[in-house]
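Novice:
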Amino acid sequence: LDDRLMEAGPVWSPDSSKVASGFESEVRIYDAVTETPTQAAVPLRDALLKASAEYDEQKLKDKKGGDATPVSFNPIVRLYWPEDRSLFVQTAYVRIYASEPVVTFERWHKLTLSIQATPLSRLDDNWPSPGEASRRACAIVWSRPNS
105 LDDRLMEAGP VWSPDSSKVA SGFESEVRIY DAVTETPTQA AVPLRDALLK
155 ASAEYDEQKL KDKKGGDATP VSFNPIVRLY WPEDRSLFVQ TAYVRIYASE
205 PVVTFERWHK LTLSIQATPL SRLDDNWPSP GEASRRACAI VWSRPNS
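Each residue of the sequence shown is one higher than the one before, starting from 105 at the first, in the numbering used here.
(1) Mapping the DSSP letters down to three states, classify R108 as helix, strand or coil.
(2) Could you please give the first and the last residue of the uninterrupted beta strand (DSSP E) stretch that includes E187?
(3) Since N178 and F209 are thought to touch, with beta carbons under 8 Å apart, how far apart are those beta carbons, to the nearest angstrom?
(4) Cα separation between Y201 and V207?
(5) Distance check for A172 and V123, CA to CA, integer angstroms please.
(6) Expressed to the nearest angstrom, what Euclidean distance is found between the alpha-carbon atoms of S251 and V175?
(7) So, using beta-carbon positions, are V181 and A196 closer together than 8 Å?
(8) Can you give me the Cβ contacts of W185 inside the same chain, cut-off strictly under 8 Å, excluding the 5 residues immediately before and after it?
(9) Hey, quick one: how far does the beta strand (DSSP E) through E130 stretch, first residue to last?
(10) I'd like to know whether the C-beta of N178 is nearer than 8 Å to at least one C-beta of chain E.
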């Protein structure tokens, strides 16, 4: 899928037409069924930083002041895609010890995916039909994380 190392393994969409993978603070979604595959990068760094700052403020008593990175800001470690419109992203701190991994600050975040229409001006012989184009494209809406 990509030359970069993944923190989170790939996960298939429910209809197996797309696959998503997580890299640190970014999710990538790849088209899996077309002759000319497409991909979308969903940068989440700012949204995850904001969610982590809110989490630290609510849950942690000893938080760093100023512009320091929130204590609970961690990379994406797992993805879960149970339905077409919902992609769940888990962030956590994973420390590997000789005996077993220790996981802290586990939190799930929800991405809401929605279908987008393609402008008619972009449709010609090289573009898919309007129905096919609207099935391929999607927009990402960030939802507040679970505490």
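C-beta atoms are modelled at their ideal positions from N, C-alpha and C, and glycine is treated no differently.
Specialist: So, from the listed chains and residues:
(1) In this structure, R108 counts as coil in the three-state DSSP scheme.
(2) Annotation for E187: the continuous beta strand (DSSP E) segment containing it runs 180–187.
(3) With a Cβ gap of about 5 Å, N178 and F209 count as contacting.
(4) Y201 and V207: Cα-Cα distance of roughly 11 Å.
(5) Here the alpha carbon of V123 sits roughly 34 Å from the alpha carbon of A172.
(6) Residue placement at S251 is poorly supported in this model, since its pLDDT is 46, which falls under 50; the coordinates are not used for a value here.
(7) Yes, Cβ-Cβ distance for V181 and A196 is below 8 Å.
(8) Excluding residues within five positions, the ones whose Cβ falls inside 8 Å are V115, W116, S117, P118, A124, L191, F192.
(9) Residue range 130–135 is occupied by the beta strand (DSSP E) that includes E130.
(10) This model lacks chain E altogether, as it is built from one protein chain only.
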